[in-house]
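Enquirer:
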Amino acid sequence: MRIIQFTVGAYHPTKADGTKQTIYHLSRNLAALGHDVAVFAIDDDPATSPIKGVEVRNFPSTRFKYGLSDELQEALREWQPDIVHLHSSYNIASAGVAHWLQRNQIPYTVTTHGNLNKYLLRRRWYVKYPYKYLVQLPYFNEAEFIHEVGDIADCHQYGVTVPVECVPNGINVNIQRVDEALFLDRFPQLKDKRLYLFIGRLDPYQKGLEYAIRAFAKADLPDSRLALVGPDHKGSLSTLMTLVDTLGMTEQIIFTGPLYDEDKLSALAAADVFVHTSLWEGHSFSILEAMANGVPCLVTTGADPQGMVVDGESGYRATGLTVEEITTQFKKVAQATDEELALMGQNARRIVEQNYTWKDVTCEMIRLYKKYLHQPAERHATDQTELA
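Quick note: the sequence shown uses this note's numbering, first residue 1, plus one each step.
#1: So, at 8 Å on beta carbons, what are the nonlocal neighbours of Arg-367 in its own chain, with the 5 sequence-adjacent residues on each side left out?
#2: Any chance the segment 258-273 sits against the segment 172-185, with 3 or more Cβ pairs inside 8 Å?
#3: Could you check what DSSP says for Pro-295 in three-state terms: helix, strand or coil?
#4: May I ask you to list the residues that DSSP assigns as paired with Glu-165?
#5: Can you tell me which of the three DSSP states Glu-386 falls into?
#6: Using DSSP with H/G/I as helix, E/B as strand and the rest coil, what is Ala-303?
#7: Going by alpha carbons, who is nearest to Ser-278 out of Val-333, Tyr-131, Gly-200 and Leu-288?
#8: Roughly how far, in whole angstroms, is the beta-carbon of Arg-214 from the beta-carbon of Gln-252, given that I think they are within contact range, below 8 Å?
#9: Just verifying my parser: in three-state terms, what is the DSSP assignment at Asp-45?
#10: Can you grab the Cα-Cα spacing for the pair Thr-22 / Pro-81, in whole Å?
#11: Hey, could you find the ends of the beta strand (DSSP E) Gly-312 is sitting in?
#12: Tell me the residue span of the alpha helix (DSSP H) that contains Gln-189.
#13: Which whole-angstrom value is the C-beta distance of Gly-96 and His-283, which I expect to be below 8 Å?
#14: What runs of the alpha helix (DSSP H), each 4 residues or longer, lie entirely inside the segment 58-95?
#15: Just the C-alpha distance for Arg-28 and Met-249, rounded to the nearest angstrom, thanks.
#16: Run through the DSSP bridge pairs and tell me what Asp-154 is partnered with.
#17: Starting from Gly-216, follow its DSSP beta bridges and name the residues at the other end.
#18: Which of the three DSSP states is assigned to Arg-103 in this structure?
#19: Roughly how many whole angstroms lie between the Cα atoms of Glu-386 and Ala-32?
#20: Leu-190: which of Leu-116, His-99 and Pro-222 sits nearest, CA to CA?
#21: Taking a contact to mean a Cβ-Cβ separation below 8 Å, would you say Ala-227 touches Leu-197 in this structure?
#22: Could you please give the first and the last residue of the uninterrupted beta strand (DSSP E) stretch that includes Ala-389?
Structure follows, in structure tokens:
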């Protein structure tokens, strides 16, 4: 098959952007399985990040964002894709591409990346609801199918009438191990303590960070530390730091700023438990990455709607986003031995290896492409040496 993955904005797959990670790994693995794959991005920066076996091209934006540049239109015609896979929601350029594809009778699908959640719709609802009915829902309902990484009920509630298929995100399980000393030498106050770790943008609303901070303080764990790793989100860092100071927890809760690559992997190596208390997620790469690194997780149902974290087996689940419920889970972790946590970490990694590799995800996406293009299914090689 000839497949185009389409995105908007700078394409840097190593950064904290789940959409770009999905495009990178899906495209790479599609190419490794013998398909012709291209990534087209609307971005005024001509620089691109290479993907093995994949053609990656950036196209300039236009003054009228709904329109397509002549260069992009010509590239779409020349490439003659069997299907175009659009990524993300609430982007007028994606709608413009979808309508161009409709006019030229080229099939397409859309991955929403969990952006149809009811809580997200409440943010700037006065913009999102008109956009939903005037722009987004019409082109969603002309797709071959909608791909959802989280709860398909979100799509149905949104008003999607075409088929909705759920395929989760994947993760690279062939992870380079990094010594925890790289992280602990940088933050020596965390040494010889039970370490709880959060990685993600510091969005107090979606990520439930205020609940996590208050619960950690309430649990009263003097020999534990909570490290919050991630970039500021619209000035939230100062708000969260003020809360920590008010609670008298400045020695036990630290903010490291964003960490990437080896620095992030070293933080995961140092962690005893990964904490993710979101109100909602599509399919959290942070939890997948922690589990792949053998770290048990303390999560809320909203952070892990797929149920990857099995309570008492691969981590701890708070059934509600309340300080009391999360406090209870922190106290459960405090009662666990290091050996028990290590066993949970092993279980977490096994769950990822058995269910969430990029080969599994890619093969399922190929099956769906062929299903809706009415092409015969194919058998895929079991050799994973080229797949990650």
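Heads up, the beta-carbon is just placed ideally off N, CA and C, and yes, glycines get one too.
Expert: Once the coordinates are examined:
#1: Here residue 367 refers to the residue found at position 367 when the sequence shown is read from its first residue. Excluding positions up to five away in sequence, the list reads Ala-377.
#2: yes
#3: In the sequence shown, the residue the question calls residue 295 occupies position 295. Residue identity differs from the one stated: residue 295 is Val in this sequence, not Pro. In the structure shown, Val-295 sits in coil (DSSP, three-state: anything other than H, G, I, E or B).
#4: Against the sequence shown, residue 165 aligns to sequence position 165. Glu-165 is bridged to His-147.
#5: Working through the sequence shown from its first residue, we reach residue 386 at position 386. A caution first: Glu-386 carries a pLDDT of 48, below 50, which makes its placement in the model unreliable, though a value can still be read off. Glu-386 falls in the coil class under three-state DSSP.
#6: Counting from one through the sequence shown, the residue named residue 303 turns up at place 303. Coil at Ala-303, not helix or strand.
#7: By one-based count along the sequence shown, residue 278 stands at place 278. Checked all of Val-333, Tyr-131, Gly-200 and Leu-288; the closest Cα to Ser-278 is Gly-200.
#8: Start at 1 with the first residue of the sequence shown, and residue 214 comes out as number 214. Start at 1 with the first residue of the sequence shown, and residue 252 comes out as number 252. About 13 Å; that fails the 8 Å criterion.
#9: Along the sequence shown, one-based indexing puts residue 45 at 45. Looking at Asp-45 - three-state DSSP - the assignment turns out to be coil, as it is neither helix nor strand.
#10: For the purposes of this step, residue 22 is taken as the residue at position 22 of the sequence shown. For the purposes of this step, residue 81 is taken as the residue at position 81 of the sequence shown. Thr-22 and Pro-81: Cα-Cα distance of roughly 20 Å.
#11: Looking up residue 312 in the sequence shown gives position 312. Unbroken run through Gly-312: none, as it is neither H nor E.
#12: Stepping through the sequence shown from its first residue, residue 189 is reached at position 189. No alpha helix (DSSP H) contains Gln-189, which DSSP labels as neither H nor E.
#13: Walking along the sequence shown from the start, residue 96 turns up at place 96. Walking along the sequence shown from the start, residue 283 turns up at place 283. Actually they are not in contact, since the Cβ atoms of Gly-96 and His-283 sit about 27 Å apart, beyond 8 Å.
#14: 70-79
#15: Mapped onto the sequence shown, residue 28 falls at position 28. Mapped onto the sequence shown, residue 249 falls at position 249. Taking the straight line from one Cα to the other gives about 44 Å.
#16: Residue mapping note: residue 154 aligns to position 154 of the sequence shown, counting from 1. Paired residue(s): none; Asp-154 is not in a bridge.
#17: Against the sequence shown, residue 216 aligns to sequence position 216. First, the residue type needs correcting, since residue 216 is Phe and not Gly in the sequence shown. None; Phe-216 has no bridge partner.
#18: The count along the sequence shown starts at 1 and reaches residue 103 at position 103. Note: Arg-103 maps to helix in three-state DSSP.
#19: Within the sequence shown, residue 386 is the residue found at index 386, counting from 1. Within the sequence shown, residue 32 is the residue found at index 32, counting from 1. Annotation note: pLDDT 48 at Glu-386 (below 50); position unreliable, coordinate value reported separately. Near 6 Å, if we compare the C-alpha coordinates of Ala-32 and Glu-386.
#20: Residue 190 sits at position 190 when you count from the first residue of the sequence shown. Checked all of Leu-116, His-99 and Pro-222; the closest Cα to Leu-190 is Pro-222.
#21: Position 227 of the sequence shown holds residue 227. Position 197 of the sequence shown holds residue 197. Result yes, Cβ atoms of Ala-227 and Leu-197 sit closer than 8 Å.
#22: Outside the displayed range of the chain (1 to 388) lies residue 389, so it cannot be described from this structure.
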